[in-house]
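Notes to accompany the following structure.
Residue numbers (my numbering), protein chains in the order written: chain A, 11 to 123; chain B, 213 to 328.
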């Protein structure tokens, strides 16, 4: 079946450090892949997405590349800020679904000044 | 941007009572709303999909008589947990979309339910 696995948190970094949050998936064919972010007290927000292999999604300095060969969609940012502290969710939308999202368990990021 | 609210943000109830959670799209009309459940340190799991004016579609394993969903207008969907038990304690999250074929779902902040 379809599933998403992401690294357990919390991930604690100092400001300006490099961030990687790993995400791998299991799905048939070519699902669409997403990263959502949830800031404290708010709903999940779409951060970036990629809909086909080798696509790179990017937003707010974050990037993730759709790697079909490794079934991965790792989230990266070159220099994190305190304001990036949040919970990050990796998700996929199966090829045969127009709307259904399957989420990973979320990774909490804490950035210290 | 599109904003989705939920009410209440948290609720504590006694076992056997029913609890209603509201999900509202504040600045857009949502043809489709989704209800998710999240256990601690686990994924969001889709419970059901509701379209305005029609019956909700429940995911496999979700009891439709236990979790009543009503989508009476284009801006409001409600989830009622009937005869709640401690195992129903969880974080319930709704999302809304303009149509079923878009990638973008707008999420509410969630409702934490604790059943004593």
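For every residue, glycine included, the Cβ atom is placed at its ideal position computed from N, Cα and C.
Remember, predicted model here, so these are calculated numbers, not experimental data.
Q.
In this structure, how does DSSP classify residue 93 of chain A when only helix, strand and coil are distinguished?
A. helix
(Q) Let me see if you follow: with CB-CB separation under 8 Å, is residue 40 of chain A close to chain B or not? (A) no
Q. How many Å lie between residue 118 of chain A and residue 254 of chain B at the Cα?
A. 12 Å
Q) Going by Cα to Cα distance, which pick from B:321, B:246 and B:327 is closest to residue 51 of chain A? A) B:321
Q.
Could you tell me the alpha carbon to alpha carbon distance between residue 310 of chain B and residue 58 of chain A, rounded to whole angstroms?
A. 19 Å
Q: Kindly indicate which three-state DSSP category residue 86 of chain A falls into: helix, strand or coil?
A: strand
(Q) Between which two residues does the beta strand (DSSP E) holding residue 283 of chain B run? (A) 279-285
(Q) Against chain E, does residue 317 of chain B count as a neighbour if the rule is that its beta carbon must be under 8 Å from one of theirs? (A) In the displayed structure, chain E is absent; the protein chains listed are A and B.
Q. Buried or exposed: residue 244 of chain B, going by 16 or more other Cβ atoms within 10 Å of its Cβ?
A. buried
Q | Of the listed residues B:290, B:219 and B:265, nearest to residue 259 of chain B (C-alpha basis) | A | B:290
**Q.** the stretch 106-123 of chain A: positions lying closer than 8 Å to chain B by Cβ
**A.** 108, 109, 110, 111, 112, 113, 114, 115 and 116
Q: Measure the Cβ-Cβ separation of residue 280 of chain B and residue 236 of chain B and say whether it is below 8 Å.
A: no
Q | For residue 299 of chain B, three-class secondary structure by DSSP | A | helix
Q: Verify the CB distance criterion: does residue 26 of chain A have a CB-CB separation below 8 Å to chain B?
A: no
Q) Using the C-alpha atoms, what's the distance from residue 100 of chain A back to residue 46 of chain A? A) 6 Å
**Q.** In DSSP terms, what residue 116 of chain A is bridged to
**A.** In the DSSP output, where bridge partners are listed per residue, residue 116 of chain A has none listed.
Q: Note down, in chain order, each residue of its chain lying with its Cβ closer than 6 Å to the Cβ of residue 75 of chain A, except the 5 sequence neighbours on either side.
A: 66
**Q.** 8 Å Cβ cutoff, residue 79 of chain A in contact with chain B
**A.** no
Q.
For the beta strand (DSSP E) containing residue 17 of chain A, name the first residue and the last one.
A. No beta strand (DSSP E) contains residue 17 of chain A, which DSSP labels as neither H nor E.
Q | Rounded straight-line distance, which links the Cα of residue 275 of chain B to that of residue 60 of chain A | A | 34 Å
Q.
Determine whether the beta carbon atoms of residue 29 of chain A and residue 78 of chain A lie at a separation below 8 Å.
A. no
Q: Report all residues from its chain with a CB closer than 8 Å to the CB of residue 267 of chain B; omit the five preceding and five following residues, and keep chain order.
A: none
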